[in-house]
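Some notes on the structure that comes next.
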Amino acid sequence: MHFLVQTKPYPDEALESYLLRLASDNSYDGYSELADILWQWLVEQDHELEGALPLELSKVDVYHARQASSFRIRALKLLAQLADVNAGNILALAWRRSNFKFGNLAAVSRNELTIPLELLRTDNIPVCIECLFESSYVPFYWHLKPYKTCHKHKTQLTTHCGECHELIDYRASEAFLECGCGCKLTSSEQLNDADFKIASALASSSSQKIVGLISWFAKVKQIDVSDLDFNRTFVEYFSTWPESLTAELNLLTNNARLKQLNPFNKTKFNSVYGNVNCDAQIAATSNRKNKVLDEIINYFVELVDSNPKAKHPNIADLVLCTFDAAVLLNTTTEQVYRLHQEGFLTCAYPQKKHEQLRADSHVFYLRQVIELQQAFAAEKPQTKKQFIAPW
Ligand SMILES: [Zn+2]
Ligand SMILES: [Zn+2]
């Protein structure tokens with residue numbers, strides 16, 4: 001078996017788009033017919049590959065395959081042979097699961113870009129009709145939820161069919177310019193400036209800097225990235241960065257002072273600031289920079305400075321759990337235990353002999369953690385710090 005027409009992938013093309021073009025260039029009736037024929041052929045080559053390429057275009061990307069992802073890769077390599085294309089060029093189009101995590105969010109990577117998996121669109125892919133007229137393929141960034149405007153044509157992507165008003169998805173209709181109902185797609189929406197700014201950033205080489213921030217913002221503000229207003233709210237918030245964050249933290253600090261019930265050295269950090277540290281981890285970039293966490297640390301450094309240790313406990317004497325201490329120290333919970341054992345961090349209550357500290361028990365003073373953090377502030381860039389050496 002061999003394809004007569006050798007369809008070449010565009011470097012920024014989505015894998016689904018390429019497979020669809022490969023099928024139609026070779027006169028198949030869409031991807032599903034091609035997949036049906038390939039299914040049998042793949043089994044003949046290698047019995048392990050039964051079902052390695054799904055019949056549905058929307059399930060074809062490598063990250064969907066989970067445990068079977070190595071078979072999916074093997075199947076795509078064979079497909080590349082049939083198409084007479086370098087396998088690396090096809091595999092480069094796929095999103096694959098990454099070991100990196102944005103806080104507790106799973107990540108996928110494609111070439112140099114690592115994003116939170118939740119930013120990939122699942123049930124619809126909007127399109128730029130002008131782009132499709134120029135070259136008939138779908139670039140990968142149309143699959144990103146925050147990408148809503150074409151950065152080349154300054155027009156909103158078309159999201160709905162003008163006839164049946166359903167969300168459009170070329171993977172379901174198996175056609176770039178047609179809805180599943182068979183109608184031609186048209187564009188009409190008004191340009192949104194914030195959408196244009198975000199789209200330009202996502203299509204640029206600095207997209208890595210923004211994807212974690214987008215997921216972080218969606219989490220802490222409880223707004224869906226797909227909401228019409230998401231990008232505008234996001235751009236507004238970061239136009240006054242970091243004051244926007246500082247103001248929110250100040251509000252929490254003042255509320256804690258007003259509503260104080262227990263002495264601050266017996267008050268849990270989480271009861272005042274919630275999950276601010278844990279959530280901030282989502283804002284990471286894959287090269288481990290985190291501008292949200294940096295600002296949070298700056299904030300608490302100032303808080304500790306402006307509330308020196310005194311006879312009466314103050315807001316800087318709150319107690320942290322091991323997990324939050326690890327986030328502020330940019331290290332692991334194991335390292336925090338070690339710092340405790342070696343006497344760098346004291347426990348807020350007297351421990352029983354052989355008592356194990358639990359990650360969720362609030363035992364470390366914010367003041368001490370921040371002072372220790374400052375002691376290592378010179379160690380930039382922020383990689384996971386090893387506190388063992390040089391002592
Ligand atoms: Zn366009
Ligand atoms: Zn339709």
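Here UniProt numbering is used: the first residue of the sequence shown is 1, the next is one more, and so on. C-beta: ideal position from N, C-alpha, C; glycine also.
(request) Starting from Val319, follow the beta strand (DSSP E) in both directions and report where the run begins and ends. (result) 319-321
(message) Out of Ala107, Gln40, Ala201, Leu105, which one is the CA nearest neighbour of Ala75?
(response) Gln40
(message) Is the beta carbon of Tyr137 closer than 8 Å to that of Glu302?
(response) no
(request) Check whether the Cβ of His153 lies closer than 7 Å to any heavy atom of ligand 1, and answer yes or no. (result) yes
(message) Restricting to runs no shorter than 4 residues, where is the alpha helix (DSSP H) found entirely within the segment 355-379?
(response) 366-375
(request) Compute the minimum distance between the beta carbon of Cys128 and the heavy atoms of ligand 1, and state whether it is under 7 Å. (result) yes
(request) Identify, in the order they occur along the chain, each residue of the same chain with its Cβ nearer than 6 Å to the Cβ of Pro242, setting aside the five sequence neighbours on each side. (result) Glu295
(message) Taking the straight line between their C-alpha atoms, what separation do you get for Gln351 and Phe344?
(response) 16 Å
(message) Closest to Gln374 by C-alpha separation, out of Lys219, Asn330, His354, would be which residue?
(response) Asn330
(request) Identify which residue in Leu91, Val85, Asn86 has its Cα closest to the Cα of Phe71. (result) Leu91
(message) Considering only heavy atoms of ligand 2, does any lie closer than 7 Å to the CB of Glu174?
(response) no
(message) Let's test the definition: count the other Cβ atoms within 10 Å of the Cβ of Glu16 and tell me whether it reaches 16, buried, or not, exposed.
(response) buried
(message) Between which two residues does the alpha helix (DSSP H) holding Asn277 run?
(response) 276-280
(message) For Val108 and Arg121, which I take to be in contact (beta-carbon distance under 8 Å), what is that distance rounded to the nearest angstrom?
(response) So it is not a contact: roughly 13 Å between Cβ atoms.
(message) Less than 8 Å between the C-beta atoms of Leu202 and Pro146, yes or no?
(response) yes
(message) Using only CA atoms, which one of Ser27, Val276, Ile73, Asn270 lies nearest to Ser361?
(response) Asn270
(request) Rounded to whole angstroms, what's the CA-CA distance from Ser286 to Asp279? Just pull it up for me. (result) 16 Å
(request) Can you list the residues near ligand 2, meaning Cβ strictly closer than 7 Å to any non-hydrogen atom, in the order they appear in the chain? (result) Cys161, Glu163, Cys164, Glu166, Cys179, Gly180, Cys181, Cys183
(message) Once DSSP output is grouped into helix, strand and coil, what is the label at Ala316?
(response) helix
(request) Give every residue of the same chain whose Cβ lies closer than 7 Å to the Cβ of Gln368, excluding the five residues on either side of it in the sequence, and list them in chain order. (result) Leu345, Thr346
(message) Does the distance between the C-beta of Cys321 and the nearest non-hydrogen atom of ligand 1 fall short of 7 Å?
(response) no
(message) Let me check you understand the geometry: is the CB of Cys347 closer than 7 Å to at least one non-hydrogen atom of ligand 1?
(response) no
(message) Please tell me whether, using a cut-off of 7 Å, the distance from the CB of Cys131 to the nearest non-hydrogen atom of ligand 3 is below it.
(response) Within the structure as shown, ligand 3 is missing, the only ligands being ligand 1 and ligand 2.
(request) List the whole-angstrom C-beta distance separating Ser69 from Val62, where the pair is believed to meet the contact cut-off of C-beta under 8 Å. (result) 5 Å
(message) Among the candidates Phe234, Leu357, Arg338, Asn298, whose CA atom is the shortest distance from the CA of Glu371?
(response) Asn298
(request) Figure out for me which residue from Phe238, Val276, Phe364 has the closest Cα to the Cα of Lys219. (result) Val276
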